[in-house]
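Numbering (this note's numbering), first residue to last: 443 to 735.
Given below as structure tokens:
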């Protein structure tokens, strides 16, 4: 390709088929396609169905139906994460070879008990930007022999990133270019705020953090347009992109649509579900108006 010819921008909408789409999803999907159209770029649809216990073919079909009703069109074939587990396993193996992951055996109940015991003494347990307690260091401090013994016993475990080791290896400030509805410009990344994030579960080969950076790289995504609820998670994504030598997209985190109580919309919000609104006789133009477009 000649030096003065730039590749087309590539946008994507990446829902999980674990429930019905709502107005918040409509805002994100429409924004992605509108921005792709305005820049003569490409618009991709990705089905993030890593969680095989919650994702269903019925919800997946509902996604296609809802987006088509909105008048959106996307390139085919659609990338489904469940068809590409090997890509996430390979990325995890890369991090393992770098000595950056460890098996984590604590259950949610055990973590909750550890945190409760700590806070009962009047101490503060560190929490991530979403308010969840950081994972205890118990598993990270286990000896190699103890880890091996637990794994040989068949104890279920996940794989977590050793955040301190990872940041030491990067040894340079991380940031990203932001054009969204909150902070703009060059944003300083703070992956340490998330602690030892989970990268793979016992029932899935990848977590959201790992699969999203792998997929975005493999699909050549140049512009990530998503909700402000994922703004802070971008710090983790920038770290993983750097560790795995993956390209850095531009980021645009858009406003969130609140429900009647002022909270973030969820897939249980039946009154704002696209299927429900369609059944009520609303049009795609009505949806654009409802989401402020």
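No residue lacks a Cβ here, since even glycine has one placed at the ideal position from N, Cα and C.
Limits of the alpha helix (DSSP H) - the one that residue i falls within
i, result
"residue 611", "605–612"
"residue 537", "527–539"
"residue 590", "586–594"
"residue 474", "465–480"
"residue 637", "That residue, residue 637, is in no alpha helix (DSSP H); it is neither H nor E in DSSP."
"residue 556", "550–562"
Among the options, the one whose alpha carbon lies nearest that of residue i
i, options, result
"residue 736", "598, 661 and 579", "Past the boundaries of the shown model lies residue 736; the chain is included only from 443 to 735, so the question cannot be answered."
"residue 686", "531, 559, 557 and 619", "531"
"residue 537", "670, 642 and 701", "642"
"residue 503", "470, 483 and 457", "457"
"residue 513", "675, 585 and 472", "472"
"residue 608", "541, 500, 583 and 721", "541"
"residue 606", "619, 628 and 639", "639"
"residue 505", "728, 589 and 468", "468"
"residue 571", "670, 449 and 701", "670"
Anticipated Cβ contact below 8 angstroms, residue i with residue j, distance rounded
i, j, result
"residue 695", "residue 624", "6 angstroms"
"residue 698", "residue 706", "5 angstroms"
"residue 543", "residue 636", "That belief does not hold up - the Cβ atoms of residue 543 and residue 636 are roughly 15 angstroms apart, past 8 angstroms."
"residue 616", "residue 681", "6 angstroms"
"residue 454", "residue 663", "5 angstroms"
"residue 477", "residue 654", "That belief does not hold up - the Cβ atoms of residue 477 and residue 654 are roughly 19 angstroms apart, past 8 angstroms."
"residue 676", "residue 631", "7 angstroms"
C-beta contact flag for residue i and residue j at 8 angstroms
i, j, result
"residue 678", "residue 647", "no"
"residue 752", "residue 451", "Lying outside 443 to 735, the shown extent of the chain, residue 752 is not represented and no answer is given."
"residue 511", "residue 487", "no"
"residue 493", "residue 522", "no"
"residue 508", "residue 576", "no"
"residue 535", "residue 599", "no"
"residue 578", "residue 553", "yes"
"residue 689", "residue 659", "yes"
"residue 475", "residue 485", "yes"
Exposed unless 16 or more other CB atoms sit within 10 angstroms - verdict on residue i
i, result
"residue 657", "buried"
"residue 714", "buried"
"residue 443", "In this predicted model, residue 443 has a pLDDT of only 49, less than 50, meaning its place in the structure is not dependable; the value taken from the coordinates is given anyway. Counting Cβ neighbours within 10 Å, residue 443 comes out exposed, since fewer than 16 surround it."
"residue 549", "exposed"
"residue 461", "buried"
"residue 597", "exposed"
"residue 618", "buried"
"residue 465", "buried"
"residue 735", "exposed"
"residue 482", "exposed"
"residue 729", "buried"
"residue 628", "exposed"
"residue 723", "exposed"
"residue 459", "buried"
Chain C within 8 angstroms of residue i, Cβ atoms only
i, result
"residue 615", "The structure shown contains no chain C; it holds only a single protein chain."
Enclosing beta strand (DSSP E) for residue i [first to last residue]
i, result
"residue 642", "640–642"
"residue 492", "Segment: none, residue 492 is in no beta strand (DSSP E) and carries neither H nor E."
"residue 546", "543–546"
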